[in-house]
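K.L.:
Chains as they are written, first to last, in the working numbering: chain A, 13 to 240; chain B, 13 to 240. Each residue gets a CB set at the ideal place from its N, CA and C atoms; glycine is no exception. I'd like to ask some things about the structure below.
Protein chains: 2
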Amino acid sequence: MSKPTARARLAQAAFVLFDERGYEQTTVDDIAERAGVGRTTFFRHYRSKEDVIFPDHDRLLQLIRDRLAATGNGTALVAVSDAVRLVLLHYIDEGDLARRRYALTSKVPALREREIVSVARYQRLFREFISDWMGDPTESASLRAELMAASVVAAHNHVLRRWLRGDSPDPIAEVDEAMREVLALFPGPQSRPRAADGGTTVAVFRTGEDFDALLPTLRRLIGGEPER
Amino acid sequence: MSKPTARARLAQAAFVLFDERGYEQTTVDDIAERAGVGRTTFFRHYRSKEDVIFPDHDRLLQLIRDRLAATGNGTALVAVSDAVRLVLLHYIDEGDLARRRYALTSKVPALREREIVSVARYQRLFREFISDWMGDPTESASLRAELMAASVVAAHNHVLRRWLRGDSPDPIAEVDEAMREVLALFPGPQSRPRAADGGTTVAVFRTGEDFDALLPTLRRLIGGEPER
DNA sequence: TTTTGAATGGTACTGAGTACCGGCAATGCC
DNA sequence: GGCATTGCCGGTACTCAGTACCATTCAAAA
């Protein structure tokens, strides 16, 4: 057990140093030296300094891709909800490592941005899958696919962050519940929940203002006369 | 007209060079030289090489913040939908410039990532606004706020990208329609737990009836007991 | 005329990331 | 054993973004 792989030592060294003196204050040279390897070796194992924190996003993305490709029956949203569980489970498996990473990304803007970009890749994958699955090239279906993908990802992130913060004793149950919530947002396989042409959408809210003062706003929302 | 400001010349030079030889192949030195200024001056006007493409995201973000702060009546979602229109209008005002930027971000990964990060900032702002507005600290309300923010942003991006690609002759109408769609996703009381006495409660639902036909019923409901 | 201040340009530095080369095992085959 | 191949490693040198600092210029204000 005397020698973990160079890759593992690099990751370990990086986390220790980032904790000790902060991310920006740590150079790649520092990490390599601490791990007892050359600088070149660092870049052989990790594409960039940020990469040492997020080693297997690519692998995970591929996992999701495969899972979606192997999806059987059910709706697109169900398949995607199912796939997104995998991501959550992956983080939970990482356990403490995921929490340390979260602590880092919360502090360092560059890392947070990297995380956001990764999440966007998942969302894109989902959007494309849903769009393909629906096979409906209309503008409305396209928007719907976009909304679905965004909702699934948002729900996942919500539960994940809660767990990372230690606020969620049972993230699996929570993500299932959240996914049910998302599914409930999009009723019906294809058809939009609109009655006939000329249907009316009314919004419910509470305000201190008088009803008549609200009428113009209401009318605009409903789509009578587009108002600028 | 002999001398546009250094800032403008830099932006102009950057776009020309990016078109000519690509983003990565263009150095900051190239841009500065072409604009006839020193390298230092470039970084005085733009924080980074990427910044010259996205000059006023910060300003726009502040604009949105102000708009949300000044919001009058309506639900949180309505306020946010309203604010997001501003963003779309800003892009439309930019016109061809926005399209050139889109062409660049489509080709250059680094720029696309930058764009994604910017979008995430809007989404965060919206989420916080909705969350504050709801004033409901439960987990379920928090998830709801997250979903709403994600949906609004997704819908906006959808319309924006369509317009940028030249697929949308009337993006304003489309964004209004898309926002109605988003509103329809989130029915039920989004009311704050506390409202002043004598306030007005309105409920959101979809019906096949004409709005004017509904008005008497609405008034009766509102006039009597605030109903959920 | 003098002073002040803002915009500029130049120089030098840090640090990430890339390219390339040479060394050094371990494994293969003859 | 001798020998070539392959894969991992370390070192050097380079490019370029971004920062820090200083000197200059020029114009408005005093």
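For glutamine 202(A) and chain B, any beta-carbon pair shorter than 9 Å?
P.N.:
Stepping through the first sequence from its first residue, residue 202(A) is reached at position 190. Because glutamine 202(A) carries a pLDDT of 40, less than 50, the predicted location of this residue cannot be relied on, and no value is offered for it.
K.L.:
State the DSSP-derived secondary structure class of aspartate 94(B), mapped to helix, strand or coil.
P.N.:
As a position in the second sequence, residue 94(B) is number 82, starting the count at 1. If DSSP states are grouped into helix, strand and coil, aspartate 94(B) belongs with the helices.
K.L.:
For valine 194(B), would you say it is in contact with chain A, using Cβ-to-Cβ distances shorter than 9 Å as the test?
P.N.:
Indexing the second sequence from 1 puts residue 194(B) at position 182. Interface residue, yes.
K.L.:
Excluding the five sequence neighbours on either side, which residues of its own chain have a C-beta within less than 7 Å of the C-beta of valine 40(B), listed in chain order?
P.N.:
To locate residue 40(B), count along the second sequence from 1; it is residue 28. Closer than 7 Å at the Cβ level, and outside the excluded window around valine 40(B), lie Arg51, Phe54 and Lys61.
K.L.:
Taking Cβ-Cβ distances below 8 Å as the criterion, which residues of the segment 98-130 of chain B are in contact with chain A?
P.N.:
Glu125, Ile128 and Val129
K.L.:
If we cut at 9 Å on Cβ distances, does valine 96(B) have a partner in chain A?
P.N.:
Locating residue 96(B) in the second sequence gives position 84, where the first residue counts as 1. Taking Cβ atoms only, chain A never reaches closer than 9 Å to valine 96(B), which makes this a no.
K.L.:
Distance cutoff 9 Å, beta carbons only. Does phenylalanine 141(A) sit that close to anything in chain B?
P.N.:
Stepping through the first sequence from its first residue, residue 141(A) is reached at position 129. It does not: the Cβ of phenylalanine 141(A) has no partner Cβ on chain B nearer than 9 Å.
K.L.:
Alpha carbon to alpha carbon, how far is tryptophan 145(A) from alanine 88(A)?
P.N.:
What you label residue 145(A) is simply residue 133 of the first sequence in a count that begins at 1. What you label residue 88(A) is simply residue 76 of the first sequence in a count that begins at 1. Spanning the two alpha carbons is a distance of roughly 6 Å.
K.L.:
Distance cutoff 9 Å, beta carbons only. Does valine 92(A) sit that close to anything in chain B?
P.N.:
In the first sequence, the residue the question calls residue 92(A) occupies position 80. No, valine 92(A) does not count as interfacial toward chain B.
K.L.:
Taking 9 Å as the threshold (beta carbon to beta carbon), is leucine 155(B) in contact with chain A?
P.N.:
What you label residue 155(B) is simply residue 143 of the second sequence in a count that begins at 1. Leucine 155(B) counts as touching chain A.
K.L.:
Around the Cβ of threonine 117(B), are there at least 16 other Cβ atoms within 10 angstroms (buried) or fewer (exposed)?
P.N.:
Position 105 of the second sequence holds residue 117(B). Around the beta-carbon of threonine 117(B), 16 or more other beta-carbon atoms lie within 10 Å, marking it buried.
K.L.:
How long is the line joining the alpha carbons of arginine 136(B) and glycine 107(B), rounded to whole angstroms?
P.N.:
Taking the first residue of the second sequence as position 1, residue 136(B) is located at position 124. Taking the first residue of the second sequence as position 1, residue 107(B) is located at position 95. Answer to the nearest angstrom: the Cα atoms are 26 Å apart.
K.L.:
Between which residues of its own chain and arginine 241(A) is the CB-CB distance below 7 Å, once the five residues before and five after are set aside?
P.N.:
One cannot answer for residue 241(A) here, as it falls past the ends of chain A, which runs 13 to 240.
K.L.:
Counting beta carbon pairs with one atom in the segment 41-48 of chain B and one in the segment 15-26 of chain B, are three or more of them shorter than 8 Å?
P.N.:
yes
K.L.:
Compute the distance between the beta-carbons of leucine 109(B) and alanine 95(B), then report whether it is under 9 Å.
P.N.:
For this step, residue 109(B) is matched to residue 97 along the second sequence. For this step, residue 95(B) is matched to residue 83 along the second sequence. Judged by beta-carbon spacing, alanine 95(B) lies beyond the 9 Å limit of leucine 109(B), meaning their Cβ atoms are not closer than that value.
K.L.:
For the alpha helix (DSSP H) that arginine 19(A) lies in, which residues bound it at each end?
P.N.:
Your numbering for residue 19(A) matches position 7 in the first sequence. Element bounds for arginine 19(A): 18-33.
K.L.:
By Cβ distance below 7 Å, which residues in the same chain neighbour tryptophan 113(B) in space, the five residues on each side in sequence not counted?
P.N.:
Reading the second sequence from its first residue, position 101 is the one you call residue 113(B). It should be noted that the sequence gives arginine, not tryptophan, for residue 113(B). Contacts found: Ile65.
K.L.:
Under 9 Å between beta-carbons, which chain B residues line up against histidine 69(A)? List them in chain order, please.
P.N.:
Position 57 of the first sequence, counting from 1, holds the residue named residue 69(A). Residues of chain B passing the Cβ test: none, with the nearest at roughly 13 Å.
K.L.:
By Cβ distance below 8 Å, which residues in the same chain neighbour glycine 7(B) in space, the five residues on each side in sequence not counted?
P.N.:
The requested residue 7(B) does not occur in the structure, where chain B is confined to residues 13 to 240.
K.L.:
Sorted by chain position, which residues of the same chain lie with C-beta nearer than 6 Å to alanine 167(A)'s C-beta, five sequence neighbours on each side aside?
P.N.:
Start at 1 with the first residue of the first sequence, and residue 167(A) comes out as number 155. Here the set comprises Ala190 and Val194.
K.L.:
Could you tell me the alpha carbon to alpha carbon distance between alanine 20(A) and alanine 132(B), rounded to whole angstroms?
P.N.:
Taking the first residue of the first sequence as position 1, residue 20(A) is located at position 8. Taking the first residue of the second sequence as position 1, residue 132(B) is located at position 120. Straight-line Cα distance between these residues: approximately 32 Å.
K.L.:
If you compare alpha carbons, which of Leu75(A), Gly147(A), Phe141(A) and Pro149(A) is closest to valine 164(A)?
P.N.:
By 1-based counting over the first sequence, the position of residue 164(A) is 152. Nearest C-alpha to valine 164(A): Phe141(A).
K.L.:
Going along chain A, which residues have a C-beta under 7 Å from histidine 163(B)?
P.N.:
Residue numbering aside, residue 163(B) sits at position 151 when the second sequence is read from its first letter. Sequence check: residue 163(B) is serine here, not histidine. Identification of chain A residues near serine 163(B) by a Cβ-Cβ cut-off of 7 Å yields Leu159, Ala162 and Ser163, ordered along the chain.
K.L.:
Applying the 10 Å Cβ sphere with the 16-neighbour rule, what's the burial state of serine 152(A)?
P.N.:
Translated into the one-based positions of the first sequence, residue 152(A) becomes position 140. Counting Cβ neighbours within 10 Å, serine 152(A) comes out exposed, since fewer than 16 surround it.
K.L.:
Is DSSP giving aspartate 63(B) helix, strand or coil here?
P.N.:
The residue you call residue 63(B) lines up with position 51 of the second sequence. Aspartate 63(B): helix per DSSP, three-state reduction.
K.L.:
Take the Cβ of threonine 38(B) as the centre, count every other Cβ of all protein chains shown within 10 Å, and call the residue buried at 16 or more, exposed below.
P.N.:
If you number the second sequence from 1, residue 38(B) lands on position 26. The residue is buried, with at least 16 neighbouring Cβ atoms inside 10 Å.
K.L.:
Hey, histidine 170(A) and leucine 155(B) are a contact pair by Cβ (cut 8 Å); roughly how many whole angstroms apart?
P.N.:
For this step, residue 170(A) is matched to residue 158 along the first sequence. For this step, residue 155(B) is matched to residue 143 along the second sequence. Right, their Cβ atoms sit about 5 Å apart.
K.L.:
Leaving aside the five residues before and after valine 187(B) along the sequence, list all residues of the same chain whose C-beta is less than 7 Å from its C-beta, in chain order.
P.N.:
Taking the first residue of the second sequence as 1, we reach residue 187(B) at position 175. Contacts found: Arg97, Leu100, His168 and Val171.
K.L.:
With H, G and I counted as helix, E and B as strand and the rest as coil, what does DSSP make of glutamine 135(B)?
P.N.:
What you label residue 135(B) is simply residue 123 of the second sequence in a count that begins at 1. Of the three classes helix, strand and coil, the one that applies to glutamine 135(B) here is helix, per DSSP.
K.L.:
If you reduce the DSSP assignment to three classes, tell me which class threonine 39(B) lands in.
P.N.:
As a working note, residue 39(B) is residue 27 in the second sequence. Looking at threonine 39(B) - three-state DSSP - the assignment turns out to be coil, as it is neither helix nor strand.
K.L.:
Kindly indicate if chain A contains any beta-carbon less than 9 Å away from that of leucine 75(B).
P.N.:
Walking along the second sequence from the start, residue 75(B) turns up at place 63. No, because no Cβ of chain A sits closer than 9 Å to the Cβ of leucine 75(B).
K.L.:
Determine the burial state of arginine 206(B): buried for a count of at least 16 other Cβ atoms within 10 Å of its Cβ, exposed for fewer.
P.N.:
Counted from its first residue, the second sequence places residue 206(B) at position 194. No answer about arginine 206(B) holds up, because its pLDDT of 40 lies below 50 and its placement is not dependable.
K.L.:
By the criterion of Cβ-Cβ separation under 7 Å, what are the contact partners of histidine 168(A) in chain B?
P.N.:
Locating residue 168(A) in the first sequence gives position 156, counting from the first residue. Chain B residues near histidine 168(A): none, gap ~10 Å exceeds 7 Å.
K.L.:
Within 9 Å (strictly less), CB to CB, does serine 60(A) reach chain B?
P.N.:
The count along the first sequence starts at 1 and reaches residue 60(A) at position 48. No, serine 60(A) lies away from the interface with chain B (no Cβ there is under 9 Å from its Cβ).
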